Amino acid sequence: MVATTRILVLLLVVVPLMSAVLVPLCGHLARRMALWLALLHLTLTTIVVLTSLPVLNLRAETELSATSPDVHRFRPLFVPGDISGSEGASGRTGWTLMRLSTSVEYPDRGGPNFQFYLGVDGLNIWLVALASLMVIPAILVSWNSVRERPGAYHGWLFLLQGAAIGAFLAFDILLFYVFFELTLIPAFFLIGHWGMGSGRRDAARKFFLYTLAGSLLTLIGVVGVVITNPGPDGAITFSLPDLMANVQLKLNTAQHELLNGRPELLTQLQQTQFWLFLGMMAGFLVKVPVWPFHTWLPAAYGEAPTGVTILLSALLAKLGTFGILRFVLPLTPDAAIQYGLPVLGTLAAFGIVYAALCAYAQSDIKLMIAYSSVSHLGFLVLGLFAFNTEGLSGAVLHMVNHGLSTGGLFAMTVFLTDRYRTTLMSQFGGLMGRYPNFAILTFVLCLASIGLPGLNNFVSEMLMLGGLFDARNPRSPGFGLAVVAAIGILLSAWYILTMLQRIFFNPLREPQAVLPESTDLSGREWLVLGLLAGLCLLLGLLPQPILDSMRWDIHQLATIGHEARIRVAG
Amino acid sequence: MSSPTELALTILALPLLAAILAAIFSCTPFRAAANWPLIGACALAAALALILVGQIASATGSRAVSDAITWFQAGKLQVHFTLTIDPLSAIMLAMITFIATWIALFSTGYMHGDPGFGRYFAIMSLFVFSMCGLVLANNFLLLVAFWEGVGLCSYLLVGYYFEKPSAAAAARKAFLVTRIGDTGFIIGIFLLWKLGGWHTDLTALFDHIQQNRPDEATLTTALLCLFCGAVGKSAQFPLYVWLPDAMEGPTPVSALIHAATMVTAGVYLLARCAPVFAISPVAQCTVAWIGGITALLAAFLALGQYDLKRVLAYSTVSQLGFMFVALGTLGAIHPAFAVTAAIFHLFTHAFFKALLFLAAGSVMHAMGGVIDMRRFGGLRQLLPITHITFLCGAAALAGIPLLSGFWSKDLILEALTEASESASPYTAAYFVLLGVALLTAFATAFYTFRAYFLTFWGEQKVPDEAGHHAHESPRIMTIPLLILAIGAVFVGIVAEPFTHWFSNFLGETPSLQQAAVMAHSPVPEHHFNWSIALLSSLLALGGVGIAYALYRKGGPEELPGGVAPIFALSRNKLYIEDAYEAAIVEPVTGLAGLARVCDGLLDAITRLVSSLPRFVGQWLRPMQNGLVQFYALSMTLGLVVFVAFVMFRVAR
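Protein chains in written order, with this note's numbering: chain P, 1 to 570; chain B, 1001 to 1652.
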């Protein structure tokens, strides 16, 4: 059972990568082939999720009550190539891709190993599920609109999916980085080649260079973390669980020194952490994006074919927040407490309001949703840096929720572009009478996006707000940030309802249709919008299974945060 | 099916089922039958709610809290699905389902033949479900869920005639203005969550605060934030502006949502949170003042309106203000008395205001959708049943002695009198508010009967839209009118003044007892204050009398010289909405435009930074000119500089 699941976890990455090669070879069958492969992947993911859930829940139930260990580290499940044989669960892999150096002192152990270290835990399982799922709307909305070289288009889509899933599953920091950067290439070609407007090449170039510039700084940060945190025996490692342990051991020693009247070590460690934090955050800030590093986003989201925009907003943006969650918080916890809320939190809070205002001022629906995404993700960053159980749980849940609702909103615009070739708000009016079914599903997605209770975003937003109110970070304006975040929810209602008023209410007004007879939702559109709207409702009513499954992992992170808070407060 | 919890769950489930059925019906050929699920569900729920009231009344002081089912929880934030059944929620439940039954029946006739018939009843059912959930919820975030749920239904129903731009704008306005209050509400909830031992369940939270009395300033902040929610939902000053516009929805919607139930949610919220409000005199006084200001302001705004429904809307705002005034006294006097006064007024108001709206709907139905009182008049003979029932409602609203509005208004005035004689630090404020309330009562009687005379007296005048066959509404609409008229006349006298049934029943609510313990209130003694009753009766009759003198001939309105400008001011809403437009809406819209421009600038800066390498490259490019002499020269020069530097450094 365990061995089979390990293979499945490996397949979660391998299948999209293989599909990326396979689909372009299928010629005119590419679209159908892509859909089948995506469904196959979704099946695999479902099996993995269903297998891991009981294990994760059991772990939360049995181990959280036990005494707390000295160091808190992630413990991936179902690691392909686990060193403890077919049924054991050491959570470590033996699959080494590259040995970077051979140490003279320890010839048998060798240098740091760059490993193909994948695994499942409570933090990534739902994001993998999201990545697996969202490709299906992406393929379906591109069904008619992408006519040029559909094989290559879908191939790039799968590469994007594979890279994102690889990054979510990676537990080797270098492997994560490789997958993280790999997403740029397919995104670049998809925007530049299949984009919708005249500015697509420019948008693609801007997206590529901007995010690359950020992530090169992240690479420096990553290397810095690896070098400055060798194990007690001096061994350098890329493995995230080991790095976490090393970081905490060092901090514990420093804390011990501090109690003995020698604060220098702790100060020095915290200073180092600051630079590493800054370096690692650079790439993630651009990727999320946090104000003022968001200027690539409107162009990229607006110009990309909508299928790709769905993936960009649902997956790639989450890579940034996931990077913060997985690497920045556990590896530089003190800096995250010291500078997270006060500095980045302030930027994010400003960005929430700023992007909401920008969203209101847009005349194009797609751009409005793009800015609303910036606004929502600012909230997510706040939730992450609250660095406590409520905030972190809310943030992880919000990554999934935001992916569904924003992805759904972008999918909604395809309905209009397929019929009218435009998403300018001023062109539409009174569509409620013309397309009642479309109106209902759009309303559900829009209401989810403005945080209506009973739909998904409400739950995660409330958890993040709770996290901010509970935040006891020294020097942090947690309360003020929470108020700004709450105002952000209000503003989101403002621009979304204005959009709804313009296009669904008032007397009927529509531009010249492409087809002679445009009808309400087609079967394909029902599937896309109905699926996403249904999931928004489901996760709004029953979010607890997701929260339960991540409890253990969140607890580890929250404890790290708690200890850092004590150290920083002195 | 016997325990209170099971009854409550059944009552809650019925309208939800109706909503699903109506939604299914509206997609099938059974569209014309989409009204029956709602009518059936409401009737059954009303019957069950009456049984529930009986059960609770027989087992005094009982409070049933349903088992908690986790909705979501992480860390200290634990949110449960749990319901409280106590006298307060039971009486609300009975009122909501009873009124909803008759309004559903009325809607059947009113909405007959409308293309959105199925949609209408589906949303109405969803509304009744959310409203029942709202009064039953025992968890703050669950309460918010239903609170937003009723807001959503209100939004959808105000915008029901979606092709009308005014309806579309009104729907958005209703949602957004209440959302402003809700933002404060949520912040307040989280502040209370922090103060109340990380509980979100109301009962647990209040118990915790009772045991560990928090710092008063912090608590007051939290309560005022909480009150923001009530201000938004119950259309109090300064967030009342959405309610008059919300009259764009179908009239039965105005009757149910914007008069009888949803807008009273804020009053209910404060009554429910009485234990915490009881220990913060500042919060109480603020509530009372907001209520008082609203009551008077809205009464003034109602004076000059020509739109019959708008008169009623402003009157609703004003009456809600009355309820808040009563709630504002809840720490100064015994909380049970203050809450009884507010909830009793809520209860009677639901009857007579729903009746007035339905009667106005009946007028509108006959007049072909026209509601401007200048365009019709003298409808006494044409619409006899509507006329009689409207008169009953108007008399009750005006506070004519012995009708239900009289008794409930009297209770509020008594509460104010007692508060002004209490040990509260703000007795003077309560005394001033008593004056405000009396003045409002006078204005209420006047504008109500102004509307009545303009509509039903004088020469018969019918607009062209009505066609030649303007006639009384069908029986399915007049029966609800008659039932509610009986309620408007008698429900007050039956429930309270002689038996004190209502106050005894409501006074048993455990949370009110708890509030009394927390505020150290003295035990109240019921005594009928003859002088106050007499004064308010005289004012009411005086208001009616002046209206009779001015309007008994019906329209057009002829005003004595000095009064006309005042009425014009009232008609222009005191320019408050224009002020909002200029002070809030336009600046924010401008800010949005500015943000968009700034974003362009930010992008330009980014581009500038990114083009820096290219400029540097262009600047350096000439040096790579391929001339060996140039390279040799620069090598030599470089060497000279280097050697000179070394020599000076070393030789120094």
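Ideal Cβ positions, reconstructed from N, Cα and C, are used throughout, including at glycine. Predicted model, so just to flag it, every value in this text is computed and none were measured.
Legend entry - DSSP three-state assignment for leucine 77 of chain P, whether helix, strand or coil: strand
Inset, instruction - Take every Cβ of the region 176-186 of chain P, pair it with every Cβ of the region 243-256 of chain P, and state whether three or more of those distances are shorter than 8 Å. - result: no
Legend entry - CB contact below 9 Å: lysine 1233 of chain B versus chain P: no
Inset, instruction - Alpha carbon to alpha carbon, how far is glycine 523 of chain P from phenylalanine 504 of chain P? Give it in angstroms, no decimals. - result: 21 Å
Legend entry - Best match in B/Pro1250, B/Leu1608 and B/Ala1547 for proximity to histidine 1365 of chain B [C-alpha to C-alpha]: B/Pro1250
Inset, instruction - Name the residue from P/Thr62, P/Asp121, P/Val15 and P/Ile83 whose alpha carbon lies nearest to the alpha carbon of threonine 51 of chain P. - result: P/Asp121
Legend entry - Local Cβ density within 10 Å of isoleucine 1605 of chain B, reported as buried at 16 or more and exposed below that: exposed
Legend entry - Member of P/Leu490, P/Leu357 and P/Ile554 whose CA lies at the smallest distance from the CA of valine 1597 of chain B: P/Leu357
Legend entry - Cα-Cα separation, threonine 559 of chain P to valine 1267 of chain B: 42 Å
Inset, instruction - Kindly confirm or deny that the region 1318-1336 of chain B and the region 1459-1473 of chain B touch, where touching means at least three C-beta pairs closer than 8 Å. - result: no
Inset, instruction - For lysine 366 of chain P, decide whether its Cβ has a neighbour in chain B, counting only Cβ atoms nearer than 9 Å. - result: no
Inset, instruction - Would you list, in chain order, the members of the region 1059-1081 of chain B that have their beta-carbon closer than 8 Å to a beta-carbon of chain P? - result: Thr1070, Trp1071, Phe1072, Gln1073, Ala1074, Gly1075, Lys1076, Leu1077 and Val1079
Inset, instruction - Taking C-beta pairs closer than 9 Å, name the residues in chain B that tyrosine 354 of chain P reaches, listed in chain order. - result: Ala1595, Cys1598 and Asp1599
Legend entry - Neighbour list for asparagine 388 of chain P in chain B, Cβ cutoff strictly below 9 Å: Gly1075 and Lys1076
Legend entry - Stretch pair the region 1177-1193 of chain B + the region 1141-1159 of chain B: three plus CB contacts closer than 8 Å: yes
Inset, instruction - Tell me whether the beta-carbon of glycine 433 of chain P lies closer than 9 Å to the beta-carbon of glutamate 1248 of chain B. - result: no
Inset, instruction - Assuming glycine 351 of chain P and glycine 283 of chain P form a contact by the criterion Cβ under 8 Å, report the distance between their Cβ atoms to the nearest whole angstrom. - result: About 17 Å separates the two Cβ atoms, so there is no contact after all.
Inset, instruction - Go through its chain and collect everything with a Cβ distance to leucine 190 of chain P's Cβ below 6 Å, but skip five positions before and after it. - result: Trp156 and Val308
Inset, instruction - Indicate, with yes or no, if the ligand GTP has a heavy atom lying under 8 Å from the CB of phenylalanine 1206 of chain B. - result: Among the components modelled here there is no ligand, and therefore nothing to report on the ligand GTP.
Legend entry - Under 9 Å between C-beta atoms of alanine 1045 of chain B and leucine 1021 of chain B: no
Inset, instruction - Please state whether DSSP places aspartate 1372 of chain B in a helix, a strand or coil. - result: strand
Inset, instruction - Spell out whether any CB of chain P is found under 9 Å from the CB atom of proline 1029 of chain B. - result: no
Inset, instruction - Identify the contact partners of leucine 483 of chain P in chain B, using a Cβ-Cβ distance below 9 Å as the criterion. - result: With the sequence shown as reference, residue 483 of chain P is identified as valine, and leucine is not the correct amino acid for it. Under the 9 Å cutoff, chain B gives Thr1183 and Ile1187.
Inset, instruction - Within its chain, find whatever has a CB closer than 6 Å to the CB of isoleucine 450 of chain P; leave out the 5 residues flanking it on each side and keep chain order. - result: Ser492, Ala493 and Ile496
Legend entry - Test: isoleucine 125 of chain P CB closer than 9 Å to a CB of chain B: no
Inset, instruction - Leaving aside the five residues before and after glycine 1197 of chain B along the sequence, list all residues of the same chain whose C-beta is less than 6 Å from its C-beta, in chain order. - result: His1208
Inset, instruction - Give a yes or no on whether 9 Å exceeds the smallest Cβ distance from serine 405 of chain P to chain B. - result: no
Legend entry - C-beta atoms of histidine 1258 of chain B and phenylalanine 1098 of chain B nearer than 9 Å: no
Inset, instruction - Confirm, please, whether the CB-CB distance from leucine 1219 of chain B to isoleucine 1290 of chain B is below 9 Å. - result: no
Inset, instruction - Tell me whether the beta-carbon of leucine 77 of chain P lies closer than 9 Å to the beta-carbon of aspartate 172 of chain P. - result: no
Legend entry - Residue-level contact to chain B via CB, alanine 564 of chain P, 9 Å cutoff: no
Inset, instruction - Specify the secondary structure class of serine 1570 of chain B as computed by DSSP and reduced to three states. - result: helix
Inset, instruction - Specify whether the region 387-394 of chain P and the region 546-561 of chain P touch according to this definition: at least 3 beta carbon pairs, one from each stretch, less than 8 Å apart. - result: yes
Legend entry - CB contact check: asparagine 401 of chain P to chain B, cutoff 9 Å: no
Inset, instruction - Please confirm whether alanine 1396 of chain B and alanine 1533 of chain B have their CB atoms less than 9 Å apart. - result: no
Legend entry - tyrosine 117 of chain P and arginine 92 of chain P closer than 9 Å at C-beta: yes
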